[in-house]
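So the sequence shown is numbered by UniProt numbering: it starts at 1 and just counts up by one. Where is the CB? At the ideal position from N, CA and C, for every residue including glycine.
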Amino acid sequence: METLRYTLVQRLLHWIIVLLVLGLLVIGTILANVGYDKLVELVGSDITNLLYTYHKTFGVLVLALMLLRLILRQVFRPPAYQPELNRVEHAVGLLTHTLFYTALIAIPIFGWLGTAAGGFPVQFFDWTLPGLIGRNDELSGAFFQLHALISWILIGLILLHTGAALYHWRVKRDGVMQRMSLM
Ligand code: HEM
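Now the structure itself:
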């Protein structure tokens, strides 16, 4: 039986976002825990500024790509599972996938607002995007706390999702992995 798959564009977007998000989690954690001044001492101001700029740039890119994925999901509905999943697998899958979309839209929005409220530029490659919110240090702190908290939830989701993918791929061998695989 031929496995039904997501479209090639959807599969490519999935794996591009995986790479971007892993990089964002690592660099973001370094930025927040080492801090600007200490990072300048360690690697110099050019590299430090590049790390901030690219964290913001690729974060905004993830936001844009996730919105694109939401639209594509309405146009090209997810293929049916063959063989059909049981009810628990369906429910856990639906919940995890919904939380992924929510987290990967909320995290960059809170990063954007936290950056702008802190009085910093929201950089996207060579452009500075509108901050959308005035300077407010307290609010900036709150937005960054949400940015960090949802990132931790995201890490939990990634572990659960990867575990489930491996289980379908290596244990159940039911073609679920091929739906999103590039090969
Ligand atoms: C999917 C997209 C994103 C992910 C997964 C992500 C992830 C993270 C993580 C894990 C941290 C460390 C949080 C902590 O431990 O306190 C962080 C910090 C940071 N993020 Fe993001 N981020 C994303 C998008 C953005 C965007 C769009 C912006 C701004 C436009 C941004 C700006 C920042 C800044 C400035 C910090 C350092 C905060 C500080 O110094 O306390 N992030 N990010």
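Item                                                                                                                                                            : Value
Going by DSSP, which residues form a beta bridge with W127?                                                                                                     : F124
For A164 and E89, I'd like the C-alpha separation in whole angstroms.                                                                                           : 9 Å
Once the 5 residues before and after M177 are set aside, which same chain residues still bring their CB inside 7 Å of it?                                       : A165, H168, W169
Can you tell me whether DSSP reads Q145 as helix, strand or coil?                                                                                               : helix
For the structure I just gave you, are there three or more beta carbon pairs, one from the region 147 to 155 and one from the region 76 to 85, closer than 8 Å? : no
Taking 7 Å as the cut-off, is the beta-carbon of F143 closer than that to any non-hydrogen atom of ligand 1?                                                    : no
With burial defined as no fewer than 16 other Cβ atoms inside 10 Å of the residue's Cβ, what is the status of F125: buried or exposed?                          : exposed
Pick out whichever of I158, V171, R5 has its Cα sitting closest to the Cα of R77.                                                                               : R5
Alpha carbons only, please: which of L94, L99, Q145 is nearest the one belonging to F110?                                                                       : Q145
Could you tell me whether the Cβ atoms of A103 and F143 are closer together than 8 Å?                                                                           : no
Measuring from the CB of S140, is there a heavy atom of ligand 1 at a distance below 7 Å?                                                                       : no
Inspect the beta-carbon positions of L25 and H55 and report whether they are closer than 8 Å.                                                                   : no
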